[in-house]
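Be aware that the first sequence starts at 1, since it is given in the UniProt record's numbering, and climbs by one per residue.
Backbone N, C-alpha and C define an ideal beta-carbon position, used for all residues, glycine too.
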Amino acid sequence: MFSDVSSKVSFPGMEEEVLKLWAEQDIFKKSVESRKEGKEFVFYDGPPFATGLPHYGHLLAGTIKDIIPRYQAMRGHYVSRRFGWDCHGLPIEALAQEALGLAGAPAIQEAGVDVFNEQCRSMVTTYVEEWEKTVTRMGRWVDFKNDYKTMDKNFMETIWWVFSQLWEQDRIYKAHRIMPYSWKLNTPLSNFEAGRNYQDVQDPAITVRVRLLDFEFEHASALIWTTTPWTLPGNLAICAGPDIDYVALKDKETHEVFVLAAARVSAYYKKEEEYEILKTFKGSELEGLKYEPIFDFFGGNPHSFQILNDDFVSTEDGTGIVHMAPAYGEDDYRVCRGYDIPLVDPLDEDCKFTGLVPDYEGEFCKDADKAIIQALKHGGKLIYQSTIQHSYPFCERTDTPLIYRAIDAWYVRVEDLRERMLKNNAGVHWTPDYVGEKRFANWLADAKDWNISRNRFWGSCIPLWVNVDDKDDIICVSSCEQLEELSGVKVDDLHKHHVDKILIEKDGKTYKRTPEVLDCWFESGSMPYAQNHYPFENKEHFEANFPADFIAEGLDQTRGWFYTLMVLSTALFDKPAFKNVVVNGMVLAEDGLKMSKRLKNYPDPMNVINEYGADALRLYMIYSPVVRAESLRMSEEGVKHSLRHLLLPWWNAYSFFVTYANIDEWTPAQSVPERDNLMDRWIQSSLARLEQQVSDAMDRYDLQASVRPFVQFIEDLTNWYIRRSRRRFWKSEDDTDKMQAYSTLYEVLIGLSKIAAPFTPFISETIYQNLKTDDMPESVHLCDFPTAADAKRDEVLEGQMAVVMSAVEQGRTLRGEYKLKNRQPLAKMHVVCDDEKLLANIQALESLISDELNVRTVEFSTDSSELATIQAKPNFKQLGPKLGPLMKKAVPLINSLTDEQIASISAGETVAVELEGKTIELTSSDIEVVRNPKEGMAVSAEGSLVVGLDTQLTEGLLTEGLAREFVNKIQSMRKEMDLEVIQRIHIGFKGDEAIGTAVAKYGNYIEAETLALSCKAQSEEDETGMQWDLNGHACFLSIRTAS
RNA sequence: GGGCGUGUAGCUCAGUUGGUUAGAGCGCGUCCCUGAUAAGGACGAGGUCACAGGUUCGACUCCUGUCACGCCCA
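1) So, Asn580 versus Asp556, is the Cβ gap smaller than 8 Å?
2) Could you give the first and the last residue of the continuous alpha helix (DSSP H) run that contains Ser904?
3) Between which two residues does the alpha helix (DSSP H) holding Ser685 run?
4) Just verifying my parser: in three-state terms, what is the DSSP assignment at Asn822?
5) From this set, Asp591, Trp430, His533 and Ile849, which residue's C-alpha is nearest Glu553's C-alpha?
6) Out of Ala872, Glu809, Val804 and Gln871, point me to the one whose CA is closest to Ser847's CA.
7) Using a Cβ-Cβ cut-off of 8 Å (strictly less than) and excluding sequence neighbours within five positions of Gly638, which residues of its own chain qualify?
8) In chain order, what residues of the same chain have a beta carbon less than 7 Å from the beta carbon of residue 1060, not counting five sequence neighbours either side?
9) Buried or exposed for Phe312, going by 16 or more other Cβ atoms inside 10 Å?
10) Using beta-carbon positions only, say whether Ala938 and Leu945 come within less than 8 Å of one another.
11) Count Cβ pairs between the stretch 362 to 374 and the stretch 332 to 345 that sit closer than 8 Å; are there 3 or more?
12) Just the C-alpha distance for His641 and Arg812, rounded to the nearest angstrom, thanks.
13) On the three-state DSSP scale, how would you describe Gln169?
14) Hey, how far is the Cα of Glu98 from the Cα of Gly104?
15) Work out the CA separation of Asn545 and Ala12 for me, nearest whole Å.
16) To which residues of the same chain is Asp251 closer than 6 Å at the C-beta, ignoring the five residues directly before and after it?
17) If you draw a straight line from the C-alpha of Thr919 to the C-alpha of Glu900, how long is it?
18) Is the distance from the Cβ of Ser31 to the Cβ of His781 below 8 Å?
19) Let's test the definition: count the other Cβ atoms within 10 Å of the Cβ of Lys145 and tell me whether it reaches 16, buried, or not, exposed.
20) Can you say whether Met679 is buried or exposed, counting buried as having 16 or more other CB atoms within 10 angstroms of its CB?
21) How many angstroms separate the CA atom of Leu278 from the CA atom of Val259?
22) Within the same chain, show all residues whose beta-carbon is closer than 6 Å to that of Phe578, passing over the 5 residues directly before and after it, in chain order.
23) Over what stretch of residues does the beta strand (DSSP E) that includes Ala1017 continue unbroken?
24) Contact defined as beta carbons within less than 8 Å: I believe Met14 pairs with Ala757. What is the distance between those atoms, to the nearest angstrom?
25) Hey, could you find the ends of the beta strand (DSSP E) Ile927 is sitting in?
26) In terms of alpha-carbon separation, which member of Gln72, Met1, Lys594 and Leu212 lies closest to Ser695?
27) Can you tell me whether Glu168 is buried or exposed? The criterion is at least 16 other CB atoms within 10 Å of its CB, across all chains shown.
28) Which ranges would you report for the beta strand (DSSP E) in the stretch 847 to 884 if only whole runs of at least 3 residues count?
29) Kindly indicate which residue of Ala194, Val201, Leu376 and Thr126 has the alpha-carbon position closest to the one of Ile294.
30) When we look at the beta-carbon of Pro48 and count the other beta-carbons within 10 Å, is it buried (16 or more) or exposed?
31) In chain order, what residues of the same chain lie with their CB nearer than 7 Å to the CB of Arg418, ignoring the 5 residues before and after it?
32) Give me whichever residues DSSP pairs with Tyr198 in a beta bridge.
33) Would Tyr511 be called buried (16 or more neighbouring beta carbons within 10 Å of its own) or exposed?
34) Thr150 to Ala267, Cα distance in whole Å?
35) To the nearest whole angstrom, what separates the beta carbons of Lys828 and Thr862, a pair I think is in contact under 8 Å?
36) How many angstroms separate the CA atom of Ile407 from the CA atom of Ser182?
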């Protein structure tokens, strides 16, 4: 006996039970361990930041990361799944700052890096519990106990090893990065921090001329414009836009020649009479022109004092020629670097001028503006002076203006890896393909050297110890052991507040660690090695199982995890880090906007799970384009939909089976292998098709396509197989056919639960648990995925059934058109098909058709001429290429072919027609034959199939219809009374003569259908029972249960 | 501003190498069926396939441009 199954199931409740079962029997562990002998399928989990609760994006990625490994495990692979946590970086630092009330980097230093870092460490775990709860509730199987955290010592040690590998390859170099800098606190800030305190300020805006050397006009100067005069002593170049138009103009008053952007002339001259245009240039023509340095502090700087070209130059303000001080501007730095101009930075840590600029030595840079402007004026170089009001970033702690300046930074040389990365990427299978082939490949082709240093606190430390007296003398430490050897200090923790205290004394020299920490992307990119503590441990295992078979993350990781994995794996092993990757899109709120806590424009994930269940949510997400990198508008209705249209019908099918199997005390032991009934063979073939379609799609990592065939299958199972087979299950004698029906439905339900197990692990498990026999694995997730080898497909039968279904559908349509309800039996139906073989196949299912459409006989024939006319339509695909431009004119010709012509073409002959003097030979593949129902008849035609209904109603048919109506009302009453399915009853009725006749004639039928022991007329006076209208005949019906 | 993607019914989405009548589900309307009942079926209304050009006998599909939205970058 199976456990009774209620059709009124609570899916979320059922899921909780399954979770309990998994936990109690340790199924996840068993599912991994039982495949130990199988080939390993390697999965890498991209670590999320542990700084907030999981949202739909995480649930989505988590579902993908669950389905593929579950599937691969069922395919016999060993799939270990370790959860990962990204513990370092700004998000967690921001939380810690908030908790400690620290406003920025300097405040942290003041409070103590140790205090701060320990605060970060303690907060990482804040969300761990909540995450584990949600992830588990979603049905994701992942190992939280054997997880990896980027803050673990072993993980961090491997990071050092990875870094040292790059160091040995000479990939690490020190350069600069332009960052906002607080001169008051002597520290750089992140761009994020700089963005939090903008103030409106007035700054000088001056236009300065630089004298051009060897220009085609005498006494010529280029005009530049700046709002930071203090950067002019550090001016090393000026820059023009290559496509911008510039003019050389002569000032009619002073007779001097100025060069500036044509679009900016009007900003300096009110009237055209004031100047004369001498020549127009493109910016590209100015490139390389030398000029006289504005100040002579750095006169000898290589490659300097020339006009450069770059596209960033605009003509929105200024002169269209940009002054470049590479130490004080991002564009300046970048452009000058391209021209090999080394930067000069004459400011000390307080942003005061150093001895390099003796004129202003000791003066704070911004305070020097006045003196510098004076000097320019005296030197005749100041053309125009004004002030500008603009919004400018301030230090949020000290309210002093930030200075953008070059900060030391460490880089990984990546640009020379481009070719190798592209080659490695070419071997990666991306879903969808364009993300890898276009988006990611383009990004790789344009990869820039990677700034890996952060002037922060909570992260992996850059393992470089620098000689305090010689900045070029650097030791790269690659392991804890090495650091212990070099320093004599025992190393227990690799975080900044511990490691920075460790000095290395070697050959009388002292080495101190460079203060920066590593970009946390460096850590996630090192995850394949670091999670295994490679190469300190697991060396062979790692090397035998790298790269990963599969990873999955969101589209936003193109520049994130996907990229850092590729950079490091290419540099270290010249391989990609993953073979297959599924890229999901973003989950948006239903209104198409980003989900926003503030707007509350989305339902809480836990509420959705508790309302509809995790299976429904999983199915909804997976059966959408979001698994192909497109965005998804998260809709609660959609979740409900997948519950109603997939899970519920499936559950009902299962509930139907269990109900009747229990009534008949059918057990799997009575299972028989024979399948005489075409319906049984057909549903098994459909299941085989499902197996094939799902595994094909899964092997391509196409999740959406792997869910799609379930929709059709559930439809076929419930709306055709079960509905059409229902009687076989409740005919009272245990005949062979019934045994076969039970066996078939049982096998199908078991098979379906296996195929669906990776997608909807809960309902699959529940159904499996109830149906399984003792010799089957204890969980559906320990089963093997059914493969094509097991498949009992019969495609001919599938095709045949499709035609039958079409015939039935047409019959139903005709009944609708002629307002003949299905309970009214009809005498005859015609099914016509000129394909004899097909017709014979349909004929084999005659009883199915007659039963479904409630007709007494079905007449099969190959001649449709009585019911329909035929017409030829051109087959464009075939004829188009043959006829070319004549195609259009051939259409009416073909449409008007005679019946005889069509017949002979169909018979395989060739018919020639004339078109514009040319002879066209038409063969059967050139035309399509269309059948049109004849007017005034109940006929429908589709393809080669024509269906006709005999709509004549005889006395006998009406009487039978009445009996059917009678049964229907009794059944409604049984249901209304909530009777057990097997409850026997006595029926009483009172009605007119027609009803009496019907009951007299069909009494046995009525009793059999309604499980009635008797059906008797009540006396005239007896007014008990319900009043009904049976096809216009008033009637009282009453039911008495039999004891 | 650049790269990539998306734009098809009121909504969510399918649409195979170009082939004439562009599909499904939800919602709406009408009817039907029912021991799958938190259902099911049939029919109907609803589309200038974002827009504009081009290639072709033929374009939702290929090409070019424009617009809107998304992700990433600047």
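By the coordinates alone:
1) In this structure, Asp556 does not lie closer than 8 Å to Asn580 by Cβ.
2) Under the DSSP assignment, Ser904 falls in the alpha helix (DSSP H) whose first and last residues are Asp899 to Ser906.
3) Leu678 to Asp699 is the extent of the alpha helix (DSSP H) around Ser685.
4) DSSP, reduced to helix, strand and coil, places Asn822 outside both helices and strands of the structure shown, so it counts as coil.
5) Out of Asp591, Trp430, His533 and Ile849, Trp430 has the C-alpha closest to the C-alpha of Glu553.
6) Distances from the CA of Ser847 to each of Ala872, Glu809, Val804 and Gln871 were compared; the closest alpha carbon is that of Val804.
7) Contacts found: Tyr620 and Ser624.
8) With the chain represented from 1 up to 1043, any question about residue 1060 goes unanswered, as that position is not in the structure.
9) Per the 10 Å Cβ criterion, exposed.
10) The answer is no: Cβ separation not under 8 Å.
11) No, the stretch 362 to 374 does not touch the stretch 332 to 345.
12) C-alpha separation (whole angstroms): 26 Å.
13) In the three-state scheme derived from DSSP, where H, G and I count as helix and E and B as strand, Gln169 is classed as coil.
14) CA-CA distance, Glu98 to Gly104, rounds to 10 Å.
15) Going by the sequence as given, residue 12 is Pro instead of Ala. Straight-line Cα distance between these residues: approximately 38 Å.
16) Cβ neighbours of Asp251 beyond the five flanking positions: Tyr275.
17) In a straight line, the C-alpha of Thr919 is about 19 Å away from that of Glu900.
18) In contact: Ser31 and His781 (Cβ atoms closer than 8 Å).
19) It counts as exposed.
20) Taking a 10 Å sphere around the C-beta of Met679, we find 16 or more other C-beta atoms and assign the residue as buried.
21) Approximately 10 Å between the Cα atoms of the pair.
22) Closer than 6 Å at the Cβ level, and outside the excluded window around Phe578, lie Pro547, Ala548 and Ile551.
23) Start and end: Ala1012 to Ala1017.
24) About 15 Å separates the two Cβ atoms, so there is no contact after all.
25) Looking at the DSSP string, the run of the beta strand (DSSP E) that includes Ile927 is Ile927 to Pro933.
26) Nearest of Gln72, Met1, Lys594 and Leu212 to Ser695, Cα basis: Gln72.
27) Glu168 should be labelled exposed.
28) Listed in chain order, the complete beta strand (DSSP E) runs (minimum 3 residues) inside the stretch 847 to 884 are 855 to 861 and 868 to 874.
29) Residue Leu376 holds the alpha-carbon nearest to the alpha-carbon of Ile294 among Ala194, Val201, Leu376 and Thr126.
30) Pro48 comes out buried.
31) Residues of the same chain with a CB within less than 7 Å of the CB of Arg418, apart from the 5 flanking positions on each side, are Leu444, Ala445 and Ala447 in chain order.
32) Answer is Pro393, bridged to Tyr198.
33) When all chains shown are included, Tyr511 counts as buried.
34) If you draw a straight line from the Cα of Thr150 to the Cα of Ala267, it comes to about 56 Å.
35) In fact, because the Cβ distance is near 17 Å, the residues do not count as touching under 8 Å.
36) Here the alpha carbon of Ile407 sits roughly 12 Å from the alpha carbon of Ser182.
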